[in-house]
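Q: Pasting a structure here, questions to come.
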């Protein structure tokens, strides 16, 4: 099991993939809840879960309290209704992408977690 994380710090967003056992820390959490960054490899940070989607691309919806897909009727501005398939607000094994917002910054800059160390070539 793996999750694709999209982490937003207000100015820039970063993508990161986590696998087990770090991914297990997200199972059962809901949109709006806080998670410590040390559980997913970002020491000193705190994140708020702001959304996500499953492998088929169906978005998570805050008002639906489950981890399963469901159909809802969405009202359009012109008075029509549209049937829309969404996923509940709970992260489950079928969730593939999770959106996170930075709540508390750590000592290390967020971009430093994503830098690839370059090796100097000797000639």
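Numbering (the working numbering), first residue to last: 8 to 130.
For each residue, glycine too, the CB sits at the ideal point set by N, CA and C.
1) Are at least three pairs of beta-carbons, each pair with one atom in the segment 75-87 and one in the segment 28-37, less than 8 angstroms apart?
2) Might you give, ordered along the chain, the residues of its own chain that have their beta carbon closer than 8 angstroms to the beta carbon of residue 80, omitting 5 neighbours on each side?
3) How many whole angstroms separate the CB atoms of residue 41 and residue 110, which I take to be in contact at a CB cut-off of 8 angstroms?
4) Relative to the alpha-carbon of residue 16, which residue among 45, 52, 27 has its alpha-carbon at the smallest distance?
5) What's the gap between the Cα of residue 115 and the Cα of residue 68?
6) Are there 16 or more other CB atoms within 10 angstroms of the CB of residue 121, so buried, or fewer, so exposed?
7) Let me confirm a value: residue 105 is counted as buried when at least 16 other C-beta atoms fall within 10 Å, else exposed. Which label applies?
8) By alpha-carbon positions, which one of 24, 23, 31 ends up nearest to residue 99?
9) Does the separation of the CB atoms of residue 25 and residue 47 fall below 8 angstroms?
10) Can you round the beta-carbon distance between residue 113 and residue 49 to whole angstroms, since I take them to be within the 8 angstroms contact cut?
11) According to DSSP, is residue 99 part of a helix, a strand, or is it coil?
12) By alpha-carbon positions, which one of 8, 85, 18, 59 ends up nearest to residue 107?
13) On the DSSP bridge list, what partners appear for residue 106?
A: According to the data block:
1) Fewer than three pairs of CB atoms, one per stretch, sit closer than 8 angstroms, so the segment 75-87 makes no contact with the segment 28-37.
2) Your numbering for residue 80 matches position 73 in the chain shown. Same-chain partners within the cutoff: 88, 89, 90, 91.
3) For the purposes of this step, residue 41 is identified with residue 34 of the chain shown, where counting begins at 1. For the purposes of this step, residue 110 is identified with residue 103 of the chain shown, where counting begins at 1. Between the beta-carbon of residue 41 and that of residue 110 there is about 6 angstroms, and that keeps the pair under the 8 angstroms contact cut.
4) On the chain shown, position 9 is the one that residue 16 refers to. Nearest of 45, 52, 27 to residue 16, Cα basis: 52.
5) For the purposes of this step, residue 115 is identified with residue 108 of the chain shown, where counting begins at 1. For the purposes of this step, residue 68 is identified with residue 61 of the chain shown, where counting begins at 1. Rounded to the nearest angstrom, the two C-alpha atoms are 32 angstroms apart.
6) What you label residue 121 is simply residue 114 of the chain shown in a count that begins at 1. Counting Cβ neighbours within 10 Å, residue 121 comes out exposed, since fewer than 16 surround it.
7) Reading the chain shown from its first residue, position 98 is the one you call residue 105. When all chains shown are included, residue 105 counts as buried.
8) Taking the first residue of the chain shown as position 1, residue 99 is located at position 92. The shortest C-alpha separation from residue 99 is found at 31.
9) Counted from its first residue, the chain shown places residue 25 at position 18. Counted from its first residue, the chain shown places residue 47 at position 40. Contact: yes.
10) Within the chain shown, residue 113 is the residue found at index 106, counting from 1. Within the chain shown, residue 49 is the residue found at index 42, counting from 1. That belief holds up - the Cβ atoms of residue 113 and residue 49 are roughly 7 angstroms apart, short of 8 angstroms.
11) Mapped onto the chain shown, residue 99 falls at position 92. The answer is coil: DSSP assigns residue 99 none of H, G, I, E or B.
12) As a first step, residue 107 must be located in the chain shown, where it is residue number 100. Of 8, 85, 18, 59, the residue nearest in Cα terms is 59.
13) Numbered from its first residue, the chain shown carries residue 106 at position 99. Partner(s): 13, 58.
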